[in-house]
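A.B. asks: Residue numbers (this note's numbering): 61 to 464.
Take this structure first; my questions come after.
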């Protein structure tokens, strides 16, 4: 049942994603402009999104995994790093998982590097995205100079040796690096490392959107019925319904100041309360969401098992891995891939905009409270690339409803 609901949810996403953005008049200029992606970077943005959906589906089926936060471009860059440092089947598998078998190696690395630089450009996108990647190798292994230079150039990857004879100190070193990289927002990547005789790839991130322009915290008139601080973020959304599959996708289309599109997929198991005209019905409707004000969600994911399920089997196998471009010898394998994220939900409202709030659809908005499980995506509206895909099974924050 769970897997069927998951599959139907993504079918709903595919049907609704193209219609999810509400267009603003050209007069609303953004506070920064990112350069247009080259064809190879755009192709890899599409491939990385496909990879993220596949990886998400694999992780969502794992009963041990609860909250999920994945950055498609960061996961793709991890595979690019394996391809860069690998040979033979080890390298080709990494490209295959990314669906980039038909691309030349230099196209993959240059394209992913461009995509990573573009999407993490905080000035152009009015977000804070602190991102660090570090490859740890056993103290007995030295990284090749060519690999260090190329991985730094394309993936901004740092390199370090680590000694797990003192495991407590080694873990402390990793976690301190992550905290420093994210300005203390992500104090911990992991509490333990199971396999200590191979390379560890650690991605540490802190992401928050910055509020564009001045204006009230709330964009909707109405009494505050609880003692909660302002929680709601409203606007005109495209809502996609699927009666048969009991799913709903909400696309927030008015974040023109932020150059981001936040999509929330609400998966329910009970019948819809309202009658629908038919399955797959898509309507424009006022939607108000209530999220924990400035809530910080942290996830600590270990990806190597799930990447292996998608086809990356040799790199993580000590007896088969050929990462000789990393060290100059066939003496290294990928023991762990850590993907840790601190994601801040900042729900201040945008300034009042008559073009949005004067619409008929906003006279009777439908409410969504983020105090129960939901799936969400953050998409860059300039390039169409997905920045994050996530699932909150246990949302953090006070469960307060302000009823707008």
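The beta-carbon is built from N, C-alpha and C at its ideal position, and this holds for glycine as well.
None of these values were measured; they are calculated from a predicted model.
Would you kindly report the start and end of the unbroken beta strand (DSSP E) that includes residue 223?
C.D. replies: Residue 223 -> no beta strand (DSSP E), and no H or E assigned at all.
A.B. asks: The beta strand (DSSP E) that contains residue 26, what's its start and end?
C.D. replies: This structure gives no information on residue 26, because the portion of the chain shown stretches from 61 to 464.
A.B. asks: Less than 8 Å between the beta carbons of residue 168 and residue 156, yes or no?
C.D. replies: Cβ distance not < 8 Å, so residue 168 and residue 156 don't count as in contact.
A.B. asks: Starting from residue 396, follow the beta strand (DSSP E) in both directions and report where the run begins and ends.
C.D. replies: Residue 396 -> beta strand (DSSP E) spans 394-405.
A.B. asks: Mind the definition here: the segment 185-198 touches the segment 251-261 only if three or more C-beta pairs lie below 8 Å; say whether that holds.
C.D. replies: Yes, they touch.
A.B. asks: Whose CA, out of 142, 109 and 117, lies closest to the CA of residue 369?
C.D. replies: Comparing Cα positions, the closest option is 117.
A.B. asks: Report the rounded CA-to-CA distance for residue 284 versus residue 113, giving the unit in angstroms.
C.D. replies: Low per-residue confidence applies at residue 284: pLDDT is 25, beneath 50, and the placement is therefore not dependable, though the value from the model is reported in the following sentence. Going by the C-alpha atoms only, they are around 38 Å apart.
A.B. asks: Does the distance from the C-beta atom of residue 204 to that of residue 386 stay below 8 Å?
C.D. replies: Cβ atoms of residue 204 and residue 386: closer than 8 Å.
A.B. asks: Could you tell me if residue 108 is buried or exposed, where buried requires 16 or more neighbouring beta carbons within 10 angstroms of its beta carbon?
C.D. replies: Buried, by the Cβ-count rule.
A.B. asks: Return the Cβ separation of residue 398 and residue 362 in integer angstroms, given the expectation that the two are a contact with Cβ distance under 8 Å.
C.D. replies: Confirmed, about 6 Å.
A.B. asks: According to DSSP, simplified to helix, strand and coil, what is residue 145?
C.D. replies: In this structure, residue 145 counts as helix in the three-state DSSP scheme.
A.B. asks: For the alpha helix (DSSP H) that contains residue 206, what are its first and last residues?
C.D. replies: Taken as a continuous stretch (DSSP letters only), the alpha helix (DSSP H) holding residue 206 covers 205-215.
A.B. asks: Output yes or no for whether 8 Å exceeds the beta carbon distance between residue 264 and residue 400.
C.D. replies: Their beta carbons are under 8 Å apart, which means residue 264 touches residue 400 by this criterion.
A.B. asks: Within 10 angstroms of its Cβ, does residue 194 collect 16 or more other Cβ (buried), or is it exposed?
C.D. replies: Its Cβ being crowded by 16 or more others within 10 Å, residue 194 is buried.
A.B. asks: Please report the straight-line C-alpha distance between residue 152 and residue 166, rounded to a whole angstrom.
C.D. replies: Taking the straight line joining both Cα atoms gives about 13 Å.
A.B. asks: Hey, out of 184, 360 and 241, whose CA is closest to residue 250's CA?
C.D. replies: Nearest C-alpha to residue 250: 360.
A.B. asks: Distance check for residue 150 and residue 390, CA to CA, integer angstroms please.
C.D. replies: For residue 390 and residue 150, the distance between alpha carbons rounds to 11 Å.
A.B. asks: When DSSP labels each residue in this structure, what does residue 445 get in the three-state scheme?
C.D. replies: The answer is coil: DSSP assigns residue 445 none of H, G, I, E or B.
A.B. asks: Within its chain, find whatever has a CB closer than 6 Å to the CB of residue 450; leave out the 5 residues flanking it on each side and keep chain order.
C.D. replies: Closer than 6 Å at the Cβ level, and outside the excluded window around residue 450, lie 128, 129 and 436.
A.B. asks: My assumption, with CB atoms under 8 Å, is that residue 100 sits in contact with residue 171. Please give the rounded CB distance.
C.D. replies: Residue 100 to residue 171, Cβ: 4 Å. Contact.
A.B. asks: Please state if the CB of residue 443 and the CB of residue 178 are separated by a distance shorter than 8 Å.
C.D. replies: Against a cut-off of 8 Å, the Cβ pair of residue 443 and residue 178 comes out as a contact.
A.B. asks: DSSP three-state label for residue 127, please.
C.D. replies: Here residue 127 sits in coil by DSSP.
A.B. asks: Less than 8 Å between C-beta atoms, sequence neighbours within five positions excluded: which residues of the same chain meet that for residue 213?
C.D. replies: Only 173 meet the Cβ criterion.
A.B. asks: DSSP on residue 525, reduced to helix/strand/coil?
C.D. replies: In the structure as shown, the chain starts at 61 and stops at 464, and residue 525 therefore has no counterpart that could be examined.
A.B. asks: With the cut-off set at 8 Å, would you say residue 132 and residue 446 are in Cβ contact?
C.D. replies: Yes; because the gap between Cβ atoms is below 8 Å, this pair is in contact.
A.B. asks: Apart from the five residues just before and just after residue 238, which ones in its own chain have a Cβ nearer than 8 Å to its Cβ?
C.D. replies: Excluding positions up to five away in sequence, the list reads 192, 246, 247, 248, 249, 262, 264 and 400.
A.B. asks: Quick one: residues in its chain with C-beta nearer than 7 Å to the C-beta of residue 220, no 5 flanking neighbours on either side, listed in chain order?
C.D. replies: 194 and 196, listed in sequence order.
A.B. asks: In its own chain, which residues sit with a C-beta less than 6 Å from the C-beta of residue 224, not counting the 5 before and 5 after it?
C.D. replies: Result list for residue 224: 230 and 256, in chain order.
A.B. asks: Can you give me the Cβ contacts of residue 147 inside the same chain, cut-off strictly under 7 Å, excluding the 5 residues immediately before and after it?
C.D. replies: Once the five neighbours on either side are set aside, the close Cβ partners of residue 147 are 382, 384 and 385.
A.B. asks: Using the C-alpha atoms, what's the distance from residue 144 back to residue 379?
C.D. replies: Taking the straight line joining both Cα atoms gives about 19 Å.
A.B. asks: Roughly how many angstroms lie between the CA atoms of residue 241 and residue 190, to the nearest whole one?
C.D. replies: Computed Cα separation, rounded: 7 Å.
A.B. asks: Out of 106, 163 and 141, which has the shortest C-alpha to C-alpha gap to residue 394?
C.D. replies: It is 141 whose Cα lies nearest to the Cα of residue 394.
A.B. asks: Taking only the alpha-carbon atoms, compute the straight-line gap between residue 260 and residue 103 and give it to the nearest angstrom.
C.D. replies: Between residue 260 and residue 103, the C-alpha separation is close to 28 Å.
A.B. asks: Taking its Cβ as the centre, do 16 or more other Cβ atoms sit within 10 Å of residue 137, making it buried, or is it exposed?
C.D. replies: Flag for residue 137 reads buried.
A.B. asks: Measuring straight from C-alpha to C-alpha, what distance separates residue 376 and residue 185?
C.D. replies: Rounded to whole angstroms, residue 376 to residue 185 spans 35 Å at the Cα level.
A.B. asks: Count the other C-beta atoms from every protein chain shown that fall within 10 angstroms of the C-beta of residue 396, then say buried if there are 16 or more, exposed otherwise.
C.D. replies: Buried is the call here.
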